[in-house]
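Working notes for the structure below.
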Amino acid sequence: MKVNLKTEPLSSWINTNGKPMIIAGPCSAETEEQVLETARGIAAEGYANVLRAGVWKPRTRPGSFEGVGEEALPWLQKAKEETGLPTAVEVATPQHVELAVKYGVDILWIGARTTVNPFNVQDLADAMKGLDKPVLIKNPVNPDLALWVGAFERIAGAGITKLGAIHRGFSNAQETKLRNSPMWQIAVEFRSIFPEIPMIGDPSHMAGKRAYLAELTQRAMDLNYDGLIIESHRNPDEAWSDASQQLTPKALGEMLKSIEYRNATYGADFQDELDRLRNRLDNLDRELLEVLASRMSVVEQLGEYKRDNSVAVLQLDRWKQVHNSRQDWGKALNLYPETVEELFKLIHMESIRKQTEVMNQETA
């Protein structure tokens with residue numbers, strides 16, 4: 004997939020002094036006092052470049068706190084005046100865009116529930132025509148790279164050139180320790196399509212719990228992300244939304260200080276060792292593919308046997324056995340369970356495809 008968009012680098016729309024951009028603030032703007040106290044705490048710690056707050060909160064189910072709306076926008080104006088931090092809010096409708104512009108919001112972002120719907124994204128694009136503000140687009144809730152790319156194409160089509168991506172993870176029907184599965188490979192693929200678009204990690208929505216924020220933040224920095232958007236509240240346990248994933252401004256500052264920031268580039272001194280290790284990886288990858296090809300050869304024989312004996316392709320008991328045993332083998336080899344699970348899902352899908360193909364061939 005090759006896509007060309009006219010975009011401006013992050014440095015052209017915000018000065019981070021060469022460091023990752025940090026967008027911090029409460030999940031929801033609840034009261035003027037809460038917004039201002041949180042903003043002051045964030046500014047005092049000195050790590051943030053942008054103050055964020057949820058003004059309109061699309062919730063999964065009605066009855067949850069859905070934000071105070073326009074009433075909160077003057078609070079953000081006041082926080083900006085006091086701290087000097089530019090502000091960012093999520094917009095989901097053309098009216099949100101109009102109001103955010105009216106109250107001087109500096110950065111707009113499109114949420115995951117909006118990105119998933121091309122009709123909504125196009126409505127926002129139409130409302131943003133002629134707007135000279137950065138627009139960040141979160142990945143859609145479901146792992147669909149084309150939807151994410153399409154959202155950028157629509158917003159760019161409105162003439163927006165200050166574009167950034169937010170990787171917040173993807174909904175997963177299976178229970179995991181995280182609220183949303185990162186599926187890092189999708190973000191990596193996105194960056195291969197749009198290498199010039201800044202990638203902002205959202206560990207708050209990946210984690211869902213404070214306990215996992217540090218490891219997810221470190222992973223984003225290891226992948227050379229351009230910044231982070233993290234939720235911070237003056238008193239997280241009393242937050243009106245997503246209490247369990249927010250940190251106090253001070254705790255967030257301490258966490259960010261503990262993160263190790265990697266060099267995006269390397270000097271000539273490292274080149275020989277990098278080349279040696281990469282050559283080893285190349286050889287191992289070739290061996291992996293050779294083993295996979297051998298496995299598919301056995302799968303083809305299995306398909307022939309099933310065809311000749313009128314046996315159905317899909318055997319659920321066998322798949323459950325494979326799924327569980329490979330998870331155990333992976334754990335014994337210190338592999339991430341999620342990685343093993345996703346790998347064997349792909350292998351199983353390919354095995355089904357191959358067997359179905361064989362089943363529909365006439366016997367010689």
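Numbering follows our numbering, in which position 100 of the sequence shown is assigned residue number 103; successive positions increment by one, without gaps.
We treat Cβ as the ideally placed atom computed from N, Cα and C, and that holds for glycine.
(message) In chain order, what are the residue ranges of uninterrupted beta strand (DSSP E) at least 3 long that sit wholly in the region 189-220?
(response) The region 189-220 contains these whole beta strand (DSSP E) runs: 202-204.
(request) Identify whether leucine 134 lies in helix, strand or coil by the three-state DSSP scheme. (result) Of the three classes helix, strand and coil, the one that applies to leucine 134 here is coil, per DSSP.
(message) For leucine 148 and valine 325, what's the separation of their Cα atoms in angstroms?
(response) 28 Å
(request) Starting from valine 53, follow the alpha helix (DSSP H) in both directions and report where the run begins and ends. (result) Segment 53-55 is the beta strand (DSSP E) holding valine 53; no alpha helix (DSSP H) there.
(request) Following the continuous alpha helix (DSSP H) through threonine 342, name the residue where it begins and the one where it ends. (result) 340-362
(message) Quick check on threonine 96: does DSSP put it in helix, strand or coil?
(response) coil
(request) Classify glycine 28 as helix, strand or coil using the three-state DSSP reduction. (result) Strand at glycine 28.
(request) Grab me the residues of isoleucine 262's own chain with a C-beta within less than 7 Å of its C-beta, minus the 5 sequence neighbours each way, in chain order. (result) Closer than 7 Å at the Cβ level, and outside the excluded window around isoleucine 262, lie Thr220, Gln221, Met224.
(message) I need the DSSP call for isoleucine 17, collapsed to helix, strand or coil.
(response) coil
(message) I believe arginine 237 touches threonine 251 by the beta-carbon criterion, under 8 Å. Please report the beta-carbon distance rounded to the nearest angstrom.
(response) 7 Å
(request) Please name the residue or residues paired with histidine 3 in a DSSP beta bridge. (result) Since the first and last residues shown for the chain are 4 and 367, residue 3 lies out of range.
(message) Among the candidates Arg171, Pro239, Phe197, Tyr50, whose CA atom is the shortest distance from the CA of alanine 210?
(response) Arg171
(request) Using 10 angstroms around the beta-carbon of phenylalanine 122, count the other beta-carbons present and answer buried if the total reaches 16, otherwise exposed. (result) Classification of phenylalanine 122: exposed, given that the 10 Å Cβ count is below 16.
(message) Quick check on serine 244: buried or exposed, where buried means 16 or more other Cβ atoms within 10 Å of its Cβ?
(response) buried
(request) Take the Cβ of leucine 59 as the centre, count every other Cβ of all protein chains shown within 10 Å, and call the residue buried at 16 or more, exposed below. (result) Before going on, a small fix: residue 59 reads as tryptophan here, not leucine. Its Cβ being crowded by 16 or more others within 10 Å, tryptophan 59 is buried.
(request) Specify the secondary structure class of threonine 41 as computed by DSSP and reduced to three states. (result) helix
(message) Quick check on the burial criterion: 16 or more other C-beta atoms within 10 angstroms. Buried or exposed for tryptophan 332?
(response) Answer is exposed; the Cβ neighbour count stays below 16.
(message) So, under 8 Å CB-CB, valine 144 and isoleucine 158 are touching, yes? Tell me the CB distance rounded to an integer number of Å.
(response) About 18 Å separates the two Cβ atoms, so there is no contact after all.
(request) Note down the Cα distance separating leucine 13 from isoleucine 140, rounded to an integer number of angstroms. (result) 14 Å
(message) Pull the bridge partners of lysine 141 from the DSSP assignment, please.
(response) DSSP lists Ile169 as the beta-bridge partner residues of lysine 141.
(message) So if DSSP puts alanine 91 in a beta bridge, which residue, or which two residues, is it bridged to?
(response) Arg55, Ile110
(request) Please state whether DSSP places leucine 336 in a helix, a strand or coil. (result) Leucine 336: coil per DSSP, three-state reduction.
(request) Apply the 10 Å Cβ neighbour rule to methionine 179 and answer buried if 16 or more other Cβ atoms are within range, or exposed otherwise. (result) Residue identity check: residue 179 is threonine in the sequence provided, not methionine. Classification for threonine 179: exposed.
(request) Give every residue of the same chain whose Cβ lies closer than 6 Å to the Cβ of alanine 154, excluding the five residues on either side of it in the sequence, and list them in chain order. (result) Thr118, Val124, Ile140
(request) Could you name the residues of the same chain whose beta carbon sits closer than 6 Å to that of alanine 130, not counting the 5 residues immediately before and after it, in chain order? (result) Pro97, Val100, listed in sequence order.
(message) So within the region 244-316, which uninterrupted alpha helix (DSSP H) runs reach at least 4 residues, ignoring any that extend past its ends?
(response) 252-261, 274-311
(request) State the DSSP-derived secondary structure class of glutamate 234, mapped to helix, strand or coil. (result) strand
(request) Report the residue from Ala128, Asn175, Thr359 whose alpha carbon sits nearest the alpha carbon of glycine 160. (result) Ala128
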